[in-house]
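Report on the structure given below.
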């Protein structure tokens with residue numbers, strides 16, 4: 003099995019808000035991939051004493067433990083319990099009802115000898131490649147379907163579409179959001195490789211239009227996960243003033259890629 007993990011902050015003077023992990027149980031059978039993209043907080047605060055990296059580390063740790071140890075739970079149940087555990091760790095000190103309480107997008111995949119399960123919540127990406135080379139993206143596209151006017155400012159988004167019906171959802175403090183995740187199961191034999199990416203790495207396809215999902219996965223498979231992140235950084239630097247790709251909220255974003263190949 004080939005595994006690669008690359009996670010790089012968008013700026014050297016700012017902490018990386020992403021979380022990435024590959025879990026391989028001691029039994030030697032199966033495994034899991036977890037990728038979280040922490041939501042950068044607004045300048046006026048989140049109602050929480052803790053940072054986004056604190057939150058993603060807690061949530062990612064809980065997801066890793068539960069995914070590997072609780073094969074009897076579905077991925078939605080695992081996400082629900084992990085959010086609950088994380089919320090319990092700071093409910094006594096923080097206002098978890100604040101719309102910008104620390105939160106993250108989620109990609110979660112678990113495989114056994116027979117099946118591969120997946121879960122995606124918000125705009126991180128999971129790519130599944132068949133042994134024949136067909137690439138299937140697993141996406142939660144609700145954020146893309148939100149009217150752009152609803153995202154004109156943090157205040158408007160928080161009041162109208164963030165974790166609201168008709169808007170988009172992230173893993174924050176409400177365990178019930180797990181029911182909103184995109185999930186599925188496929189036979190393990192139908193997947194030869196997978197890649198989980200935060201939107202900072204998926205920019206190569208989604209923002210810069212350098213190639214489709216198959217081409218992106220080919221870059222990772224042939225040149226490595228680091229090569230994809232390097233290509234994104236080159237494109238960002240060339241378009242630093244964001245004159246062409248105006249829908250980028252940041253010149254550089256945290257970029258995370260996890261790749262597994264059997």
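Residue numbers (my numbering): 3 to 264. The beta-carbon is built from N, C-alpha and C at its ideal position, and this holds for glycine as well.
Distance check for residue j and residue i, CA to CA, integer angstroms please.
i           : j           : result
residue 194 : residue 112 : 14 Å
residue 120 : residue 110 : 6 Å
residue 255 : residue 234 : 10 Å
residue 262 : residue 32  : 12 Å
residue 6   : residue 117 : 21 Å
residue 175 : residue 223 : 36 Å
residue 214 : residue 105 : 28 Å
residue 97  : residue 47  : 11 Å
residue 4   : residue 161 : 44 Å
residue 103 : residue 22  : 21 Å
residue 18  : residue 187 : 31 Å
residue 71  : residue 40  : 24 Å
residue 13  : residue 257 : 10 Å
residue 217 : residue 264 : 19 Å
residue 122 : residue 240 : 31 Å
residue 154 : residue 100 : 19 Å
residue 225 : residue 207 : 16 Å
residue 79  : residue 42  : 26 Å
residue 227 : residue 146 : 25 Å
residue 143 : residue 205 : 15 Å
residue 212 : residue 221 : 11 Å
residue 58  : residue 182 : 19 Å
residue 133 : residue 199 : 20 Å
First and last residue of the alpha helix (DSSP H) that includes residue i?
i           : result
residue 55  : 54-71
residue 230 : 227-240
residue 157 : 156-162
residue 4   : Not the alpha helix (DSSP H): residue 4 falls in the beta strand (DSSP E), residues 4-10.
residue 97  : Taken as a continuous stretch (DSSP letters only), residue 97 belongs to no alpha helix (DSSP H), as it is neither H nor E.
residue 88  : 77-90
residue 145 : 144-147
Buried or exposed for residue i, going by 16 or more other Cβ atoms inside 10 Å?
i           : result
residue 9   : buried
residue 158 : exposed
residue 151 : exposed
residue 62  : buried
residue 20  : buried
residue 191 : exposed
residue 202 : buried
residue 45  : exposed
With a cut-off of 8 Å on the beta carbons, I'd call residue i and residue j a contact; round off their distance for me.
i           : j           : result
residue 170 : residue 148 : 6 Å
residue 184 : residue 165 : Not confirmed; about 16 Å, so no contact.
residue 26  : residue 131 : With a Cβ gap of about 19 Å, residue 26 and residue 131 do not count as contacting.
residue 197 : residue 108 : Contact doesn't hold; Cβ gap of about 15 Å is too wide.
residue 238 : residue 253 : 6 Å
residue 75  : residue 65  : Contact doesn't hold; Cβ gap of about 11 Å is too wide.
residue 81  : residue 173 : 7 Å
Starting from residue i, trace the beta strand (DSSP E) both ways and give me its first and last residue.
i           : result
residue 20  : 20-25
residue 258 : 257-263
residue 201 : Residue 201 -> not in any beta strand (DSSP E); alpha helix (DSSP H) instead, spanning 201-208.
residue 39  : 33-40
residue 170 : No beta strand (DSSP E) contains residue 170, which DSSP labels as neither H nor E.
residue 14  : No beta strand (DSSP E) holds residue 14; DSSP gives it neither H nor E.
contact_flag[the stretch 138-145, the stretch 108-127] where n(CB pairs < 8 Å) is 3 or more: yes
Any 3 or more C-beta pairs closer than 8 Å across the stretch 28-47 and the stretch 81-90: no
Cβ contact (3+ pairs, closer than 8 Å) linking the stretch 45-55 and the stretch 89-98: yes
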